[in-house]
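Mapping of the sequence shown onto the numbering used here: position 252 corresponds to residue 274, and the numbering continues sequentially without gaps. For every residue, glycine included, the Cβ atom is placed at its ideal position computed from N, Cα and C.
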Amino acid sequence: MLLRKPPDRIVAREKRAWSDETAAWKQRRAIEKGYRIRWGYVGIAYLVEALVICTSLAGAWFFAETYADRNDQSFWFMLLAPVVYAAIELCRVPLGILIRVQRDWLIKSLAVIGIVMAAGVTTKSVSQLGEMMFHPRLAEAAKARTVLNEAQADRASLDTRIAQADARVAQYSAESQALEKRASEASAQLAGLPGQRCERLSGTNSRGKRYSYMRCVTDPRTATIAGSLKSAGDERNAVAKNLAEARAARAALDRGASDRRVTEAEVSYRDAVRRSQLHSFTAMVYGVDPIDVTDQQVHAFLRIFVFVPALCAAFASTLLALCAVQLRRTYADEDDLGVVLNQEGMPLLLNQIAESAGQFGDAQRAVREAIASGAAIPLDQRRPQGSAPAAGPARDDDRIERPRS
């Protein structure tokens with residue numbers, strides 16, 4: 023005998039009945055346990071944890087590659103702690119669920135402590151990732167700032183050497199002028215002295231011989247003035263030599279080249295700061311030019327940009343896990359409400375129960391009569407076990423619901 027496929031509406035009705043039975047079973051189980059877990063939310067929380075763990079391990083790998091050689095043993099030493107941190111981060115979601123489903127307050131407190139500890143580990147890992155995000159631009163700006171400081175220091179040193187060279191040139195020039203004046207005064211004094219006086223002397227010596235010779239007498243100041251003039255000339259020659267050397271040394275000090283290096287360093291530093299997002303945000307907060315922000319201001323703002331998002335990331339999945347649990351009042355909770363029934367109200371309660379039972383019986387009787395008269399068709403058309411099928415072949419037209427009167 024060829025079995026005919028039931029109509030689609032009957033299949034849909036059976037699926038709906040099965041779905042209702044499954045939902046009712048879940049509802050009864052949730053009521054018995056006292057809570058219901060939204061596993062979709064829990065899955066999202068674990069997905070967030072997986073992303074945090076993967077990015078933390080990748081960041082630790084890149085950090086180890088930056089500061090250690092992969093062939094060196096220290097490279098693998100730097101990866102041991104991040105693996106342990108990743109394992110600890112997996113505990114936050116189960117601890118969050120445990121806080122909601124656990125009734126013992128001691129266990130709840132321990133779970134809260136565990137979440138705080140695990141969140142601290144997550145904050146450390148995520149803050150390291152945040153610092154690594156800003157590190158390249160900050161390193162570039164710091165390098166440009168170092169070059170600028172060196173150029174400015176060189177220019178300051180050059181200014182000092184130029185000032186010293188100018189002082190030496192001025193000193194030698196003043197000494198040369200003083201010696202020139204001294205030589206001029208000595209020459210004038212020497213020219214103003216009287217010339218030699220010569221006279222002939224004659225006579226007889228002790229031996230009785232006659233003598234006669236010319237004796238010239240020079241002014242005694244002439245030798246002194248002549249010596250002073252010679253000394254001034256020698257000193258003037260030495261000072262002139264030193265002055266020529268000082269002027270040559272001063273000419274070798276070029277301030278233009280130093281100024282160009284400082285200008286180029288300032289341009290490079292300004293470009294590096296312009297590419298640094300952290301400098302821009304810090305400048306907006308403090309209301310200054312990005313190139314004028316200090317390292318203290320940048321690092322103070324870096325703490326906000328690193329630790330605050332790290333704390334948010336540490337508790338986001340935990341909060342989602344906490345919200346994924348729906349608590350329900352259990353039968354035990356209902357029995358523990360502490361309600362005391364007054365004995366005088368017992369007859370009234372029994373009367374209300376009897377009236378409700380009577381109304382429910384009348385409703386059931388009306389439904390059975392409507393079904394027997396054909397005015398309504400029951401939703402559940404499954405035949406009870408052991409009942410014989412109706413006589414005659416079943417037709418699809420017989421299964422069509424009649425319109426209700």
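If you follow the alpha helix (DSSP H) that Ser-224 is part of, which residue opens it and which one closes it?
-> Translated into the one-based positions of the sequence shown, residue 224 becomes position 202. Element bounds for Ser-224: not the alpha helix (DSSP H) but the beta strand (DSSP E), 219-226.
Trp-61 versus Arg-35: straight-line alpha-carbon distance, rounded = In the sequence shown, residue 61 corresponds to position 39, counting from 1. In the sequence shown, residue 35 corresponds to position 13, counting from 1. If you take the alpha carbons of Trp-61 and Arg-35, they lie about 28 Å apart.
Taking only the alpha-carbon atoms, compute the straight-line gap between Asp-355 and Ala-46 and give it to the nearest angstrom.
-> Within the sequence shown, residue 355 is the residue found at index 333, counting from 1. Within the sequence shown, residue 46 is the residue found at index 24, counting from 1. Caution is warranted here: a pLDDT of 48 is assigned to Asp-355, below 50, making its placement in the model unreliable, and the coordinate value is therefore given only provisionally. The alpha-carbon atoms of Asp-355 and Ala-46 are separated by roughly 21 Å.
From the DSSP output, which residues share a beta bridge with Gln-79?
-> The residue given as residue 79 occupies position 57 in the sequence shown. Looking at the sequence provided, one finds Leu at residue 79 rather than Gln. None; Leu-79 has no bridge partner.
Gln-318 lies in the alpha helix (DSSP H); which residues open and close that run?
-> Locating residue 318 in the sequence shown gives position 296, counting from the first residue. Element bounds for Gln-318: 317-345.
Cα-Cα separation, Leu-151 to Ala-185 | To locate residue 151, count along the sequence shown from 1; it is residue 129. To locate residue 185, count along the sequence shown from 1; it is residue 163. Spanning the two alpha carbons is a distance of roughly 50 Å.
Coil, strand or helix - Arg-125 by DSSP | The residue you call residue 125 lines up with position 103 of the sequence shown. Three-state DSSP puts Arg-125 in coil, outside helix and strand.
Excluding the five sequence neighbours on either side, which residues of its own chain have a C-beta within less than 7 Å of the C-beta of Gly-255, listed in chain order?
-> The residue labelled residue 255 in the question sits at position 233 within the sequence shown. So the list reads Ala-205, once near-sequence residues are dropped.
Have a look at Gln-199, Asp-181, Asp-311 and flag the residue whose alpha-carbon is nearest the alpha-carbon of Glu-257.
-> As a working mapping, residue 257 is identified with position 235 in the sequence shown. Of the residues Gln-199, Asp-181, Asp-311, the one whose Cα lies closest to the Cα of Glu-257 is Gln-199.
Buried versus exposed call for Thr-285 [16 or more other C-beta atoms within 10 Å across all chains shown] | Here residue 285 refers to the residue found at position 263 when the sequence shown is read from its first residue. Classification for Thr-285: exposed.
Just tell me which of Asn-171, Arg-177, Lys-130 has its CA closest to the CA of Ile-121.
-> Sequence index remark: in the sequence shown, residue 121 carries index 99 (1-based). When each option's Cα is compared against that of Ile-121, the closest is Lys-130.
Use the C-beta contact count for Gly-383: other C-beta atoms within 10 angstroms, 16 or more gives buried, fewer gives exposed.
-> In the sequence shown, the residue the question calls residue 383 occupies position 361. By the neighbour-count rule (16 or more Cβ atoms within 10 Å), Gly-383 is not buried but exposed.
Would you mind sorting Thr-340 into buried or exposed? The rule is 16 or more other CB atoms within 10 Å of its CB.
-> Taking the sequence shown and counting its residues from 1, the one referred to as residue 340 is at position 318. Buried, since its Cβ has 16 or more Cβ neighbours within 10 Å.
Spatial neighbours of Ala-343 within its chain, please: CB distance less than 7 Å, with the 5 preceding and 5 following residues excluded, ordered by chain position.
-> Position 321 of the sequence shown, counted from the first residue, corresponds to residue 343. The residues are Val-64, Ala-67, Val-115, Gly-118, Ile-119.
Taking the alpha carbon of Gly-278 as the point to measure from, which residue in Asp-181, Thr-44, Ala-394, Gln-95 has its own alpha carbon closest?
-> Numbered from 1 along the sequence shown, position 256 holds the residue referred to as residue 278. Of the listed residues, the one whose Cα sits closest to Gly-278 is Asp-181.
Run of the beta strand (DSSP E) containing Arg-58, from where it starts to where it stops = Locating residue 58 in the sequence shown gives position 36, counting from the first residue. Its beta strand (DSSP E) spans residues 57-59.
Whose CA, out of Lys-37, Glu-71, Gln-124, Leu-101, lies closest to the CA of Arg-58?
-> Sequence index remark: in the sequence shown, residue 58 carries index 36 (1-based). Nearest C-alpha to Arg-58: Gln-124.
Residues near Asp-311 by beta carbon distance below 8 Å, same chain, minus five either side = For the purposes of this step, residue 311 is taken as residue 289 along the sequence shown, with counting starting at 1. Contacts found: Ala-305.
N- and C-terminal bounds of the alpha helix (DSSP H) containing Asn-93 | Indexing the sequence shown from 1 puts residue 93 at position 71. Note, Asn-93: premise wrong, no alpha helix (DSSP H); not H, not E.
Please determine, among Thr-226, Ala-335, Ala-196, the residue with the shortest C-alpha to C-alpha distance to Glu-71.
-> Sequence index remark: in the sequence shown, residue 71 carries index 49 (1-based). Comparing Cα positions, the closest option is Ala-335.
Arg-159 to Asp-293, Cα distance in whole Å?
-> If you number the sequence shown from 1, residue 159 lands on position 137. If you number the sequence shown from 1, residue 293 lands on position 271. Taking the straight line joining both Cα atoms gives about 11 Å.
CB-CB under 7 Å to Ser-209, same chain, minus the five flanking residues each way: which ones, in chain order?
-> As a working mapping, residue 209 is identified with position 187 in the sequence shown. So the list reads Leu-251, once near-sequence residues are dropped.
Excluding sequence positions up to five away, which residues of its chain have a Cβ less than 7 Å from the Cβ of Arg-190?
-> Looking up residue 190 in the sequence shown gives position 168. If we look at Arg-190 and ignore the five residues flanking it on each side, its Cβ neighbours are Ala-268.
Neighbourhood of Phe-303 by C-beta, 8 Å cutoff - its chain only, sequence neighbours within 5 removed | Here the question's residue 303 lines up with position 281 in the sequence shown. For Phe-303, where only same-chain residues beyond five positions count, the Cβ hits under 8 Å are Phe-323, Phe-327.
Alpha helix (DSSP H) runs wholly inside the region 220-298, at least 4 long, in chain order | 243-274, 277-296
In terms of alpha-carbon separation, which member of Glu-87, Val-106, Gln-95, Tyr-89 lies closest to Ile-75?
-> Counting from one through the sequence shown, the residue named residue 75 turns up at place 53. Nearest C-alpha to Ile-75: Val-106.
Identity of the residues DSSP links to Leu-102 by a beta bridge = Here the question's residue 102 lines up with position 80 in the sequence shown. In the DSSP assignment, Leu-102 is bridged to no other residue.
Helix or strand or just coil, what does DSSP make of Leu-349?
-> Within the sequence shown, numbered from 1, the residue matching residue 349 stands at position 327. Leu-349 falls in the strand class under three-state DSSP.
Coil, strand or helix - Val-310 by DSSP = One-based indexing of the sequence shown puts residue 310 at position 288. The answer is coil: DSSP assigns Val-310 none of H, G, I, E or B.
Does the region 95-114 come close enough to the region 76-84 that 3 or more CB-CB pairs lie under 8 Å?
-> yes
Assign Ile-375 to buried or exposed, taking buried as 16 or more other Cβ atoms, counted over all protein chains shown, within 10 Å of its Cβ.
-> To locate residue 375, count along the sequence shown from 1; it is residue 353. Exposed, by the Cβ-count rule.
Should Ser-147 go down as buried or exposed, given a rule of 16 or more other Cβ atoms within 10 Å for buried?
-> Working through the sequence shown from its first residue, we reach residue 147 at position 125. With 16 or more Cβ atoms within 10 Å of its Cβ, Ser-147 is classed as buried.
For Gly-396, the three-state DSSP class (helix, strand or coil) = Against the sequence shown, residue 396 aligns to sequence position 374. Note: Gly-396 maps to coil in three-state DSSP.
Alpha carbon to alpha carbon, how far is Thr-226 from Met-236?
-> As a position in the sequence shown, residue 226 is number 204, starting the count at 1. As a position in the sequence shown, residue 236 is number 214, starting the count at 1. Taking the straight line from one Cα to the other gives about 15 Å.
Hey, how far is the Cα of Ser-224 from the Cα of Arg-232?
-> Position 202 of the sequence shown, counted from the start, is the residue given in the question as residue 224. Position 210 of the sequence shown, counted from the start, is the residue given in the question as residue 232. For Ser-224 and Arg-232, the distance between alpha carbons rounds to 7 Å.
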